[in-house]
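Some notes on the structure that comes next.
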Amino acid sequence: MDYISILKDICIYPGVSGHEEGLAGYVAWMFEKYCSNVEIDKFYSVIGVIKGNSDAGKKVMITAHLDEIGLMVKSIDEKGFVRILNIGGVDSKVLLAQEVVIHGRKDIFGVIGAKPPHLLKPEEVKKAVKMQDLVIDTGLSAEEVKEIVSVGDIVTFKAEPFALQNNKFSSKSLDNRAGVAALIGIMDNLTRLSHDCDVYFAATSQEEVGLRGANIAAYNINPDLAIVIDVCHGEIPGSSKEEAFPLGKGPAIAVGPNLHRRLTKKMIELAKEENIPYQVDVEPGDTGTEAWAVQVSRSGIPTLLVSIPLKYMHTVIETLDIKDIKNTARLVSRFISMIGNEMEDLMCC
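Every letter in the sequence shown is one number past the one before it in this note's numbering, and letter 10, counting from 1, is 577.
Next comes the structure, spelled out in structure tokens:
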């Protein structure tokens, strides 16, 4: 499977939280190659189903959110500069000198200007950049901007995906289009594996603003088991070894109270048996992922979390190792094939 091509296709799509409809349609089209039924729910999450071999098979839901962080137009001043607010966890420090696209009546390009160091006052040099001080310059006058742009329009980062050396890949929105690519990889793997479970694939919306799509999907599907695929922090200079994971060493399997203990142990055992590289992510509390919402849906859903290490999260140069996506897909698909009738016993205390 050509994961680089998949990532290039889906990462360029705008899909800011609450505005995922175009991306959802494209992901649904990709799901249709493998799934017997695909639908888009009212919140623009994409749900696809691959039926298992047993009429009495359990339901497994695998989620990966498709939305991305972004910006929203707050106001347009008398000189045509566009002021912005963040949607999701955008760090204002990374916005200076960024190229952006404003999605108004038509798409227009802009840049987020930065005051040159020559013009900075001494007291400004040490100050952090604040979102309210940033503006987008489109080159248009106020009258021209207002013909195209309205307050509330979304803004995305203009960044082209590209391959680096040694299987590395960089792009905006790899959090969590990497997980969506893993979903497609799992589907492809399952075409060559026997499994009893009905598998529901959910590319979910609005994760970056409150885990909403996963909450809705988990309630509607009501699975017997959920596997959440997301990204975790990749190792960079100065990062803590307890909080960041090296790229290329396999996905991180989370352990902690948010995750089902016996099923997690079984997944780790499987990774060892199949020689699938993996890492262990210790999560003593809120995992910051959809697992947090899914676990407590309805009367409770046994949940697992598998994460793809990602460097420079929530920037336009997020970077990962393609091998980690491949091994995530391999691990989860083998787990689904293996679990079958064992699931009920493993769910017991």
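Every residue, glycine too, gets a C-beta built ideally from N, C-alpha and C.
Item	Value
Residues near HIS762 by beta carbon distance below 6 Å, same chain, minus five either side	GLY619, ILE903 and SER904
Member of VAL822, HIS800, ILE820 and TYR786 whose CA lies at the smallest distance from the CA of PRO813	HIS800
Where LYS646 falls, given that 16 or more other Cβ within 10 Å makes a residue buried	exposed
The ligand FMN heavy atom lying under 7 Å from the CB of PRO804	Absence of the ligand FMN is noted for the structure shown, with no ligands found whatsoever.
Sub-8 Å separation of GLN846 and GLY817 beta-carbons	yes
Beta-carbon gap between SER612 and ALA860 smaller than 8 Å	no
Inter-residue spacing [alpha-carbon to alpha-carbon] between GLY746 and ASP891	10 Å
Contact belief for ILE803 with LYS878 at Cβ below 8 Å, rounded distance in angstroms	5 Å
Cβ shell of PHE924 (< 7 Å), same chain only, five flanking positions each side left out	One cannot answer for residue 924 here, as it falls past the ends of the chain, which runs 568 to 916.
Straight-line Cα distance separating VAL667 from ARG828	43 Å
Close beta carbons around SER864, own chain, < 6 Å, minus the five adjacent residues each side	ALA785 and TYR786
The stretch 658 to 667 contacting the stretch 750 to 761, beta-carbon criterion three pairs below 8 Å	no
Helix, strand or coil at VAL883 according to DSSP, with G and I counted as helix	coil
Rounded C-alpha distance that separates ALA748 from ILE573	6 Å
Whole-angstrom distance between ALA695 and PRO689, CA atom to CA atom	13 Å
Straight-line Cα distance separating ARG672 from PHE648	17 Å
Alpha-carbon spacing of PRO824 relative to GLY852, whole angstroms	7 Å
Spatially closest choice to SER717 from ILE889, ILE675 and MET698, by CA coordinates	ILE675
Under 8 Å between C-beta atoms of ARG897 and ASN733	no
Uninterrupted alpha helix (DSSP H) stretches inside the stretch 704 to 745 (no shorter than 4 residues)	709 to 715
Where ARG828 sits in the DSSP three-state scheme	helix
Opposing strand residues paired with VAL822 [DSSP bridges]	VAL849
Buried versus exposed, by CB contacts within 10 Å (16 or more), VAL627	buried
The alpha helix (DSSP H) enclosing TYR786, as first and last residue numbers	779 to 788
Contacting residues, own chain, Cβ-Cβ under 6 Å from ALA819 (five flanking each side not counted)	CYS799, PHE812, GLN846, ASP848 and SER874
Secondary structure of TYR593, DSSP reduced to three states	helix
Beta strand (DSSP E) segment containing ASN894, residue limits	Here ASN894 belongs to no beta strand (DSSP E); instead the alpha helix (DSSP H) covers 889 to 906.
SER866 versus ASP608: straight-line alpha-carbon distance, rounded	22 Å
Residues that THR870 bridges to, as DSSP identifies them	ALA793
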